[in-house]
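Working notes for the structure below.
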Amino acid sequence: GNSVTQMEGPVTLSEEAFLTINCTYTATGYPSPFWYVQYPGEGLQLLLKATKADDKGSNKGFEATYRKETTSFHLEKGSVQVSDSAVYFCALTLLSGYNKLIFGAGTRLAVHP
Amino acid sequence: GAVVSQHPSWVICKSGTSVKIECRSLDFQATTMFWYRQFPKQSLMLMATSNEGSKATYEQGVEKDKFLINHASLTLSTLTVTSAHPEDSSFYICSAWGTGRTNYGYTFGSGTRLTVV
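Next comes the structure, spelled out in structure tokens:
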């Protein structure tokens, strides 16, 4: 079936450290990957997305490149801040339009000063 | 940008009562609404998908008579948890797919924390 696997957390980093959160998927058809972020007690916010192979999504210093050959969409940030502490969800949808999102389990990131 | 307003943000109710959660799209037409629940420190589990004016499609294992979804207009969808029990305590999040001047894609509400006592 279709699924998303992301690295288990929590990930604990010092401020200004480099961040990588791995995400791989199994899917049929033509998946489009997303990264969402959830701050404590809040809903999800779209962080970035990609629509076709080799696309790089970027936002707020975060980047992820959609690698079709490795079925991956790893999230990276060169220098994290305390305010980046949140839960990050990798997700994908299989078709453009109304199809549902399939979420990974989420990775909790804690950044310390 | 697209905004989905979800209310209430938290609610405490007695076992056996019903609770209604509303999601409104403020500046776009929400043609499809997804309802998720999230247990502590876990991922989002899709409960159901509803298209405006149609019956909701429920995921396997979700009781449609317990979780009533109404999507009567392009700007409002509601989830009613009927005869709530403590095991229904969870974080419920809606997500709207809509169109407007640009394709807004998925927009999430801020979530509702339901505690049944």
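Chains as they are written, first to last, in the working numbering: chain Y, 25 to 137; chain H, 3 to 119. Ideal Cβ positions, reconstructed from N, Cα and C, are used throughout, including at glycine. The structure presented is a predicted model; accordingly, all values stated were derived computationally and were not measured.
{"Item": "Provide the residue span of the beta strand (DSSP E) that contains ASN123/Y, from first to last.", "Value": "ASN123/Y -> no beta strand (DSSP E), and no H or E assigned at all."}
{"Item": "So, at 6 Å on beta carbons, what are the nonlocal neighbours of ASP90/H in its own chain, with the 5 sequence-adjacent residues on each side left out?", "Value": "VAL83 and VAL118"}
{"Item": "For a test of the three-state rule: what should DSSP assign to PRO88/H, helix, strand or coil?", "Value": "helix"}
{"Item": "Against chain H, with Cβ distances strictly below 8 Å, would LEU125/Y count as a contact?", "Value": "yes"}
{"Item": "Given a cut-off of 8 Å, decide if SER20/H and ALA86/H are closer than it, judged by their beta-carbon atoms.", "Value": "yes"}
{"Item": "Could you check the C-alpha separation between TYR54/Y and ASP78/Y for me, to the nearest Å?", "Value": "13 Å"}
{"Item": "For the region 49-61 of chain Y, which residues have a CB atom closer than 9 Å to at least one CB atom of chain H, in sequence order?", "Value": "PHE58 and TYR60"}
{"Item": "I'd like to know if the region 33-52 of chain Y and the region 91-104 of chain Y are in contact, where contact means that at least 3 CB-CB pairs between them fall below 8 Å.", "Value": "yes"}
{"Item": "Does GLY81/Y have its Cβ less than 8 Å from a Cβ in chain H?", "Value": "no"}
{"Item": "Rank PHE58/Y, GLU40/Y, GLN69/Y and SER109/Y by C-alpha distance to the C-alpha of TYR90/Y and give the top, closest one.", "Value": "PHE58/Y"}
{"Item": "Check the Cβ-Cβ distances between GLY63/H and every residue of chain Y, and say whether any is below 8 Å.", "Value": "no"}
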